[in-house]
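Q: The sequence shown: position 10 = 3 (the working numbering), numbered continuously.
Glycine residues also receive a C-beta, built at the ideal position from the N, C-alpha and C atoms.
Only a predicted model underlies this, so the values are computations on that prediction, with no experimental measurement involved.
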Amino acid sequence: MYQYGITGKRLELITSYLKDRNQRVIITSRSKVYYSEWKTIQRGVPQGSVLGPRLFLIYINDLPQTIKALADPVLFADDTSMIVKSTEPGEFLHSLQNNIINVDRWFKSYSLLLNMDKIHLLQFNTKISQLMDLEVHYENK
């Protein structure tokens, strides 16, 4: 197995760090404590871990390439923005729509779900350009 140049003992160490982890939920009420059953974690990185942010960056390393053809990607921590530029409304909507489709495909290929409720559109224009009446719809079922 070879991923991003990580091989040998380093890859074994990271694999052992992420493999066979379990979690459960503990709920404390006034006089009782409830424990869920232990469940094996299928995906993800332990929250609050030192390696977490670095492993996240490795995980999303190729996401900007997915966006780059139609927009300028901007990544900060676990937020991703796409800057789509065009003076033509039709071209703009086409680029925006195709980017959402491409990002959704990328998410699905990594067993992630694109949350459309967290997508926000912010439009900038110059004094001589007009605001476009934009409404973007996408179903990612």
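How about F49 and V67: do their beta carbons lie closer than 8 angstroms?
A: The residue given as residue 49 occupies position 56 in the sequence shown. The residue given as residue 67 occupies position 74 in the sequence shown. Result no, Cβ atoms of F49 and V67 do not sit closer than 8 angstroms.
Q: What are the boundary residues of the beta strand (DSSP E) that includes F69?
A: The residue you call residue 69 lines up with position 76 of the sequence shown. Segment D65 to F69, the beta strand (DSSP E) holding F69.
Q: Given that a residue counts as buried once 16 or more other Cβ atoms are within 10 Å of its Cβ, and exposed if not, what is M109?
A: For the purposes of this step, residue 109 is identified with residue 116 of the sequence shown, where counting begins at 1. Answer is exposed; the Cβ neighbour count stays below 16.
Q: Could you spell out where the beta strand (DSSP E) holding T8 opens and where it closes?
A: As a first step, residue 8 must be located in the sequence shown, where it is residue number 15. Here T8 belongs to no beta strand (DSSP E); instead the alpha helix (DSSP H) covers G1 to L11.
Q: In terms of alpha-carbon separation, which member of A64, F85, Q40 and S24 lies closest to Y10?
A: Here residue 10 is taken as the residue at index 17 of the sequence shown, counted from 1. The candidate whose alpha carbon is nearest that of Y10 is Q40.
Q: Per DSSP, what kind of secondary structure is I51 in: helix, strand or coil?
A: Counting from one through the sequence shown, the residue named residue 51 turns up at place 58. Here I51 sits in helix by DSSP.
Q: Could you give the C-beta distance for I60 and V96, rounded to a whole number, given that I count them as a contact under 8 angstroms?
A: Here residue 60 corresponds to residue number 67 of the sequence shown, with the count starting at 1. Here residue 96 corresponds to residue number 103 of the sequence shown, with the count starting at 1. Confirmed, Cβ separation roughly 7 angstroms.
Q: Using three-state DSSP, classify I60 as helix, strand or coil.
A: On the sequence shown, residue 60 is found 67 positions in, with the first residue counted as 1. The answer is helix: DSSP assigns I60 an H, G or I state.
Q: Put V18 into one of helix, strand or coil per three-state DSSP.
A: Taking the sequence shown and counting its residues from 1, the one referred to as residue 18 is at position 25. Coil.
Q: I'd like to know whether the C-beta atoms of L56 and T73 end up nearer to each other than 8 angstroms.
A: Along the sequence shown, one-based indexing puts residue 56 at 63. Along the sequence shown, one-based indexing puts residue 73 at 80. The answer is yes: Cβ separation under 8 angstroms.
Q: Suppose contacts are defined by Cβ-Cβ distances below 8 angstroms. Is L63 in contact with N91 by that definition?
A: The residue labelled residue 63 in the question sits at position 70 within the sequence shown. The residue labelled residue 91 in the question sits at position 98 within the sequence shown. In contact: L63 and N91 (Cβ atoms closer than 8 angstroms).
Q: Jot down the residue ranges of each uninterrupted alpha helix (DSSP H) in the region 72 to 109, minimum 4 residues, whole runs only, in chain order.
A: Runs of the alpha helix (DSSP H) inside the region 72 to 109: 82 to 102.
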